[in-house]
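Just so we're aligned: 186 in the UniProt record's numbering is position 186 of the sequence shown, and the numbers increase by one with no gaps anywhere. For every residue, glycine included, the Cβ atom is placed at its ideal position computed from N, Cα and C. Each remark here refers to the structure printed beneath this line.
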Amino acid sequence: MPNGRIEVHGHRGARGLRPENTLPGFAHALELGVDVIELDVGLTADGVVVVNHDQSLSPVTTADTAPVVPGDPLFPYVGRELRDLTLAQIKTVDAGVRRLGPGQDCDPFLLTQLPLPGTRLPTLAEVCDLLQGLEEVDPAVELKTDPGWPDDEVRRFVLAVAEVLDSFGLLSRARLLAFDWRVLAEARIHVPQAARVALVERKTLADGTAWLAGLSAADPAAAAADAGANVLSPEHDLVTSRLVHDAHGRGLRVSVWTVNDPVDMARFIEYGVDAIVTDYPDRLHQVLATYDIPRPQPRTPVRLP
């Protein structure tokens with residue numbers, strides 16, 4: 001029977017309940033009770049770390065409103081890379097209403113997510129400001145790169161994220177997440193005080209993968225330890241009790257993503273994972289309660305969005 005603490009990670013805030021990667025979404029996750037706020041970041045053309053899941057603005061989560069200046073040749077902005085847009089341009093898009101993507105005929109989050117029209121994408125600094133005074137809640141920041149990025153751009157991105165976290169006194173509490181394990185290597189050198197989380201999914205564990213910075217995908221736990229990770233974070237369909245055992249044997253914590261079915265939550269608790277990343281923190285609270293496992297307390301941000 002499991003015992004001890006299992007962390008609740010709010011995925012993109014609470015994606016199942018509020019618009020993802022937005023200040024209202026993060027605030028709602030805090031109000032439900034989470035140990036960790038998980039978010040994704042990119043870098044704008046003018047060097048600002050902004051919160052968004054993809055490297056480009058997705059038509060599923062964002063919609064254009066108006067150009068930042070009349071006749072802007074880059075408008076419409078949705079569909080463009082973050083690195084090609086300034087913060088001012090990105091701040092014009094509406095991130096508060098989820099929509100069906102091209103070719104989609106259903107989206108389960110449309111049934112459960114509360115639309116909040118007019119919500120803007122936040123900067124990492126704005127999220128850090130929201131977490132001020134909440135020492136019990138840590139930020140988990142996924143840096144969105146891929147193997148096609150030059151090494152110097154990866155390094156620049158890591159340093160930019162670290163600078164923001166450090167300016168709010170959050171660097172030593174932060175977790176830096178990446179599928180592109182060059183991020184972990186740069187963080188180990190330049191930001192050793194932050195925890196490093198090795199993300200894996202089937203695509204990044206394929207033969208000959210470039211995602212793992214030259215390490216073998218044959219043994220994910222061993223590779224993550226060699227990469228200098230503190231945490232192995234696999235996609236839920238990769239997680240077995242053996243993988244959890246192997247990771248723990250190498251001194252790694254295990255954080256499984258993204259788990260929304262209570263039956264799966266219970267299974268991973270039985271496996272002994274250390275954290276569960278979910279779009280529905282409220283569901284995870286209910287499952288943890290059946291195991292009499294302590295749950296994070298609701299928190300009200302000092303600075304409401």
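query	result
Where residue 38 falls, given that 16 or more other Cβ within 10 Å makes a residue buried	buried
Three-state secondary structure assigned by DSSP to residue 253	strand
Range of the contiguous alpha helix (DSSP H) that encloses residue 53	Residue 53 -> no alpha helix (DSSP H), and no H or E assigned at all.
Beta-carbon proximity of residue 175 to residue 195, cut-off 8 Å	yes
Buried/exposed call for residue 189, threshold 16 Cβ in 10 Å	exposed
Beta strand (DSSP E) segment containing residue 175, residue limits	175-178
Proximity to residue 27 [Cα-Cα], best of 35, 78, 13	13
DSSP beta-bridge partners of residue 196	176
Selected residue, minimal CA-CA separation from residue 40, among 122, 59, 84	122
Nonlocal neighbours in the same chain, by C-beta distance under 6 Å from residue 144, ignoring five residues either side	40, 42, 55
Where the alpha helix (DSSP H) through residue 269 begins and ends	262-271
Residue 291 to residue 275 span [Cα, whole Å]	15 Å
Cβ-based neighbour list, residue 238, same chain, cut-off 8 Å, excluding 5 preceding and 5 following	200, 201, 202, 205, 220
Secondary structure of residue 300, DSSP reduced to three states	coil
Member of 304, 305, 293, 300 whose CA lies at the smallest distance from the CA of residue 7	293
Every unbroken beta strand (DSSP E) inside the stretch 21-83 [3 residues or more]	36-43, 49-51
Host beta strand (DSSP E) of residue 138 (start-end)	138-143
Per DSSP, the bridge partner or partners of residue 306	The requested residue 306 does not occur in the structure, where the chain is confined to residues 1 to 305.
Which residues DSSP lists as bridging residue 123, in chain order	50
Touching by the beta-carbon criterion (3+ pairs, under 8 Å), the stretch 60-75 and the stretch 162-181	no
Residues bridged to residue 201 (per DSSP)	None, per the DSSP bridge assignment.
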